[in-house]
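Right, one structure below, let's go through it.
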Amino acid sequence: MLIALLIAFMIFCYTVQSLFSKYFAMHYDGNPSTASLVFAVIFGSFIAVATFLSGGMTFAPSGLTVALGCANAVVLVLYQLALIGASMRGSYAILNLCMLFGGIIVPMITSTIMLDQSLTGLQIAAVAVMLAAFVLLNVQGALMTDTRRGFWPFCLLLFLTNGLYGAINSLQANLMDGTERTEMITIGYLGSAILAFAAVAVMRRGKTLSDFRLKPKAIGFAAGCCVAATVAVNVVMYLYSVVNTTVLSTLDNGGVMVTSSLCALFLFGERPTKLQFCGLGLALCSIVMLSL
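So the sequence shown is residues 137 to 428, counted in the working numbering.
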């Protein structure tokens with residue numbers, strides 16, 4: 137029961153993070169080409185510092201945690217660059233589909249090979265149902281938009297990085313038996329903030345700091361997003377050590393997709409199409425199947 141409540145709370149926190157990041161983007165008035173990286177600097181710095189302080193300011197990582205934390209720092213920045221590159225070149229629906237598929241398939245492969253985790257027949261069916269739900273939720277938008285050169289390589293990178301983020305966190309949590317969570321999060325997110333700032337500096341050169349001058353509303357939404365994300369990241373790192381990686385990744389990606397769609401309906405008036413309603417129904421069925 138406690139695990140189920142923690143999973144529900146994790147989904148809630150990630151939904152709040154997604155909602156606040158949308159509001160942040162609406163009120164960000166810096167250069168659009170670096171908005172995602174600017175947010176990554178703020179996001180990574182806040183999560184790293186907050187986690188370090190809440191963890192009692194103890195920091196004694198093993199070599200494995202340092203290596204995996206640094207790997208995740210690189211993955212997080214590559215994810216942001218892939219998101220920027222893909223969104224500037226083609227369909228948001230397609231890039232979202234690639235991101236969601238990667239978030240389930242890559243951790244499933246790595247956990248099966250490296251952690252010897254397996255799934256029951258019902259769980260395999262649930263994962264397949266969730267992937268079908270992703271297609272139904274995004275297929276209409278995918279068929280309506282042209283793409284520019286370079287779009288598909290960025291989508292592939294988005295698939296890999298979104299999946300590797302979860303896979304690396306799962307490996308650390310399982311190989312270290314749930315220990316050094318503070319160190320893993322601090323290294324990964326602080327490293328990503330440093331790398332993201334370097335990327336902004338390269339892209340903007342002499343105008344780097346101007347992109348960090350935020351309006352009060354943007355600061356408020358960024359702060360809310362960071363608080364929700366900090367809680368979610370710490371909860372999910374614990375859950376990786378006690379829940380099957382593929383099951384957790386499916387519930388995470390699918391659950392946030394469903395709750396975000398509901399937020400879009402009730403807060404932004406974005407009424408789903410018939411196909412999207414079917415997709416939401418399949419996603420809910422998958423969640424129920426994984427909860428049995």
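Virtual Cβ for every residue (Gly too), placed ideally from N, Cα, C.
Residues near residue i in its chain [Cβ-Cβ closer than 7 Å; skip 5 each side]
i, result
"Val383", "Gln259, Leu426"
"Val369", "Ile183, Ile321"
"Val202", "Ile323"
"Ala429", "In the structure as shown, the chain starts at 137 and stops at 428, and residue 429 therefore has no counterpart that could be examined."
"Ala218", "Phe290, Leu293, Leu294, Thr297"
Three-way DSSP call (helix, strand, coil) for residue i in this model
i, result
"Asp313", "coil"
"Asn208", "helix"
"Met339", "helix"
"Glu319", "helix"
"Leu300", "helix"
"Ala400", "helix"
"Met425", "helix"
"Leu255", "coil"
"Val378", "coil"
"Lys351", "coil"
"Phe195", "coil"
"Ser227", "coil"
"Asn167", "coil"
"Met137", "coil"
"Gly221", "helix"
"Thr386", "helix"
"Gly391", "helix"
"Pro243", "helix"
"Thr344", "coil"
"Gly238", "helix"
"Thr283", "coil"
"Leu409", "Note that residue 409 corresponds to Thr in the displayed sequence, not to Leu. Thr409 falls in the coil class under three-state DSSP."
CA-to-CA distance, residue j to residue i, given in whole angstroms
i, j, result
"Val174", "His163", "13 Å"
"Cys421", "Phe348", "43 Å"
"Lys351", "Ala262", "44 Å"
"Asn298", "Phe290", "12 Å"
"Ala222", "Gly356", "28 Å"
"Ser247", "Cys361", "29 Å"
"Thr256", "Val379", "14 Å"
"Phe188", "Lys410", "46 Å"
"Cys414", "Val394", "12 Å"
"Gly286", "Leu296", "16 Å"
"Leu401", "Pro197", "44 Å"
"Glu316", "Met373", "10 Å"
"Ala389", "Ser396", "The sequence shown places Asn at residue 389, rather than the Ala named in the question. Distance between the alpha carbons of Asn389 and Ser396: 11 Å."
"Leu138", "Ser306", "20 Å"
"Met312", "Tyr301", "17 Å"
"Pro168", "Gln276", "26 Å"
"Ser346", "Lys158", "21 Å"
"Asp165", "Lys343", "14 Å"
"Met193", "Thr366", "16 Å"
Close-in-space but distant-in-sequence residues of the same chain around residue i (CB under 6 Å, 5 per side omitted)
i, result
"Tyr150", "Ala368, Val392"
"Met244", "Thr382"
"Ala207", "Ile304"
"Thr318", "Thr187, Gly191"
"Leu326", "Ala184"
Own chain, CB closer than 8 Å to residue i, minus 5 neighbours either side, in chain order
i, result
"Ala176", "Leu212, Val213, Gln216, Ser328, Ala329, Ala332"
"Thr386", "Ile240, Ala262, Val263, Met266, Ser422, Leu426"
"Gln253", "Ser247, Asn380, Thr381, Thr382"
"Leu418", "Val265, Met266, Ala268, Ala269, Leu272"
"Phe195", "Phe188, Thr318, Glu319, Thr322"
Presumed contact (8 Å Cβ cut-off) between residue i and residue j, rounded CB distance
i, j, result
"Leu155", "Leu231", "That pair is no contact at about 19 Å."
"Phe160", "Ala354", "6 Å"
"Leu375", "Leu142", "6 Å"
"Leu236", "Gln412", "At roughly 14 Å, the Cβ-Cβ gap does not stay under 8 Å, so Leu236 and Gln412 are not in contact."
"Gly226", "Thr283", "3 Å"
"Val371", "Phe145", "6 Å"
"Val336", "Thr170", "5 Å"
"Ser181", "Ile220", "Contact flag wrong, Cβ pair sits at about 19 Å."
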